[in-house]
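K.L.:
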Amino acid sequence: MFQGHRAVSIRHLNKHVGEEVLLQGWLYNKRGKGKLYFLQIRDGTGIVQAVVAKDAIAEEDFETAGQLTQESSLRVIGKVVEDKRAPSGVEIQPSRILLVGKSQNYPITKKEHGPNFLLENRHLWLRSRKQMAIMRVRDEVLKAIRDFFYDRDFACVDSPIFTPNACEGTTNLFGVKYFDEMAYLTQSGQLYGEASAMALGKIYCFGPTFRAEKSKTRRHLTEFWMVEPEAAFYDLEDVMLLAEDFVSYIVGRVLEHRHEDLETLGRDLTKLEPAAQTPYPKIRYEEAARMLVESGDETFVPGEDFGAPHETFLGNSFDRPVMVTHWPAAIKAFYMKRDAANPELALGVDMIAPEGFGEIIGGAQREEDLGLLEERVREEKLPEEAFRWYLDLRRFGSVPHGGFGLGVERTVAWICGVEHLRECIPFPRMLYRIYP
RNA sequence: UCCCCGAUAGCUCAAUGGUAGAGCAUCCGGCUGUUAACCGGAGGGUUGUAAGUUCGAGUCUUACUCGGGGAGCCA
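In the numbering used here, each residue carries its 1-based index in the first sequence increased by 169.
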């Protein structure tokens, strides 16, 4: 409340045409001088223009308008009027303009900036039109994830962030002092997710994960968010159906609710819309490998994992995400179940996004047999004592089960059509960068 | 860890080995429909650091520092 006025979000101004409202926000840009100012005001939900004519407002308020600099915070009381010249269809005719907090020499200007400068000023960069749009899409993705699982009786059961041991090797782990011993920041909640699934049947965990990979590419962060559903009695096919329902639901929600932001981002919707429809194409590793070889790619070695250019090729071969299954067991994790028809193959599935955005999902049916799993733990020379609790899950009512992990930032990058993951998380953590 | 590229005004970038410049931002002035508004003026520099070549280095060489892109690994 301010002087008897209730603040209205810019996003909802079109419901208040003809009314006098209170706006609270920051000055995005100012044009004009002399007897007329155009103030572009943002409040996080949108941007609206206030037209300040000298003869239509108190002299004191006109002077205030003249003093406003980029990113000064302000309150405006004014009338909402329709105007075809305004980009949003409405503009404000202010009767009062009040400066709340001055802004001097705001560093991010209207012209271009380089990535280093923008990342050094990430706390201010977030105020830019494109960054706000990405954050709103990210918010829609997070909400869609929660809704999707809630509606399907998956309980959110989060995994710990401090872990005593590695789940897939130790070289990529961040170690931290945990009182008198060493702990690691989680790189996946999956093993705990499996335990939770044996309790609640269908679960997901959702939180930040950490990988100390020395990767300096636009596809990597050292801290990123991952959502990992895990379900008892799910086989590989169930996992794949869940994955395509899930991703198509998220894309559909963003298309439905964040159309304006996608427009701000200049996203080509014709390339995104097919991903809102199922089914998704499903191919075996063998077939994907054949496609690569037939394409004349000489860098791909059959039997080995796909590199980034190979993922790009496979992703670009379809109009929506493609799922690749039945991988050589040698290149996949120890906990994946082997194919009954061919024990050389693992029942894993990766989902690759189109347009070169790469892998967004990695999942699998898990090995539920105690003996086979113990054998793998020994083969991979994993610390057996650390996996005692995990093996317990196979001792007490083991069932077929499976799940997957979806990288939130990669998904947001793909949906937004943004090249670099650093723009898809509020404060990116990368190799050699932890400020601000 | 490896490969490639870069570092010049607050920001983005120019400058054949020969007087260091523009746009934006800032400050001053003009404009009642601007859309990264426009027009006129002003201030603003140890060219990342250190050494070397040269009559002369922002420019050439070497090392270092920082950053960007990519490989590997992965979501």
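C-beta atoms are modelled at their ideal positions from N, C-alpha and C, and glycine is treated no differently.
Pick helix, strand or coil for Lys223, following the three-state DSSP scheme.
P.N.:
Here the question's residue 223 lines up with position 54 in the first sequence. Note: Lys223 maps to helix in three-state DSSP.
K.L.:
Between the alpha carbons of Val462 and Glu554, how many angstroms are there, rounded?
P.N.:
Mapped onto the first sequence, residue 462 falls at position 293. Mapped onto the first sequence, residue 554 falls at position 385. Each residue's Cα considered, the two are about 43 Å apart.
K.L.:
Name the two residues that bound the continuous beta strand (DSSP E) containing Val259.
P.N.:
Here residue 259 refers to the residue found at position 90 of the first sequence. Its beta strand (DSSP E) spans residues 259-270.
K.L.:
For His174, which beta-bridge partners are listed by DSSP?
P.N.:
On the first sequence, position 5 is the one that residue 174 refers to. Per DSSP, Phe171.
K.L.:
At the level of alpha carbons, what is the spacing between Tyr403 and Ala364?
P.N.:
Working through the first sequence from its first residue, we reach residue 403 at position 234. Working through the first sequence from its first residue, we reach residue 364 at position 195. Whole-angstrom Cα-Cα distance: 14 Å.
K.L.:
If I'm right that Gly572 touches Glu399 with Cβ under 8 Å, what's the distance once you round it to whole angstroms?
P.N.:
Along the first sequence, read from residue 1 onward, the residue named residue 572 stands at position 403. Along the first sequence, read from residue 1 onward, the residue named residue 399 stands at position 230. Confirmed, Cβ separation roughly 3 Å.
K.L.:
Let me confirm a value: Leu431 is counted as buried when at least 16 other C-beta atoms fall within 10 Å, else exposed. Which label applies?
P.N.:
Here residue 431 is taken as the residue at index 262 of the first sequence, counted from 1. Classification of Leu431: buried, given that the 10 Å Cβ count is 16 or more.
K.L.:
What is the residue span of the beta strand (DSSP E) that His570 lies within?
P.N.:
Here residue 570 corresponds to residue number 401 of the first sequence, with the count starting at 1. Its beta strand (DSSP E) spans residues 570-576.
K.L.:
Once you ignore the five residues that flank Arg602 on each side, which residues in its own chain have a CB closer than 8 Å to its CB?
P.N.:
Here residue 602 is taken as the residue at index 433 of the first sequence, counted from 1. So the list reads Leu288, once near-sequence residues are dropped.
K.L.:
Taking a contact to mean a Cβ-Cβ separation below 8 Å, would you say Gly574 touches Gly525 in this structure?
P.N.:
Walking along the first sequence from the start, residue 574 turns up at place 405. Walking along the first sequence from the start, residue 525 turns up at place 356. No, the Cβ-Cβ distance between Gly574 and Gly525 is not below 8 Å.
K.L.:
So, for Ile372: in the same chain, excluding its five sequence neighbours on each side, which residues have a beta-carbon less than 8 Å away from its beta-carbon?
P.N.:
Looking up residue 372 in the first sequence gives position 203. Correct list, in chain order: Phe323, Ala324, Cys325, Val326, Gly362, Ser365, Ala366, Pro398, Glu399, Ala400.
K.L.:
Glu228 by DSSP, collapsed to three states: which one?
P.N.:
To locate residue 228, count along the first sequence from 1; it is residue 59. Three-state DSSP puts Glu228 in a helix.
K.L.:
Taking all protein chains shown into account, decide if Val306 is buried (16 or more other Cβ within 10 angstroms of its Cβ) or exposed.
P.N.:
Counting from one through the first sequence, the residue named residue 306 turns up at place 137. The residue is buried, with at least 16 neighbouring Cβ atoms inside 10 Å.
K.L.:
Check Phe343 in the structure and name its three-state DSSP category.
P.N.:
For the purposes of this step, residue 343 is taken as the residue at position 174 of the first sequence. Note: Phe343 maps to coil in three-state DSSP.
K.L.:
By how many angstroms is the C-alpha of His428 removed from the C-alpha of Gln446?
P.N.:
The residue labelled residue 446 in the question sits at position 277 within the first sequence. The residue labelled residue 428 in the question sits at position 259 within the first sequence. The straight-line gap from Cα to Cα measures roughly 17 Å.
K.L.:
Taking 8 Å as the threshold (C-beta atoms), are Leu192 and Ile216 in contact?
P.N.:
Position 47 of the first sequence, counting from 1, holds the residue named residue 216. Position 23 of the first sequence, counting from 1, holds the residue named residue 192. Cβ atoms of Ile216 and Leu192: not closer than 8 Å.
K.L.:
Compare the C-alpha of Asn183 against each of Val310, Val249, Thr233, Lys550 and name the closest.
P.N.:
Position 14 of the first sequence holds residue 183. The shortest C-alpha separation from Asn183 is found at Val249.
K.L.:
Starting from Asp327, trace the beta strand (DSSP E) both ways and give me its first and last residue.
P.N.:
What you label residue 327 is simply residue 158 of the first sequence in a count that begins at 1. That residue, Asp327, is in no beta strand (DSSP E); it is neither H nor E in DSSP.
K.L.:
With 16 other CB atoms within 10 Å as the buried threshold, where does Glu544 fall?
P.N.:
As a position in the first sequence, residue 544 is number 375, starting the count at 1. Burial call: exposed.
K.L.:
For the candidate residues His185, Glu189, His181, whose alpha-carbon lies nearest to that of Gln172?
P.N.:
In the first sequence, residue 172 corresponds to position 3, counting from 1. Among His185, Glu189, His181, the Cα nearest to that of Gln172 belongs to Glu189.
K.L.:
Could you please give the first and the last residue of the uninterrupted beta strand (DSSP E) stretch that includes Gln198?
P.N.:
Locating residue 198 in the first sequence gives position 29, counting from the first residue. It is Asn, not Gln, that sits at residue 198 in the sequence shown. Element bounds for Asn198: 189-200.
K.L.:
Taking the alpha carbon of Ile452 as the reference point, which residue from Leu560, Ile277, Met520, Ile530 has its own alpha carbon closest?
P.N.:
Residue mapping note: residue 452 aligns to position 283 of the first sequence, counting from 1. Minimum Cα distance to Ile452 is reached at Met520.
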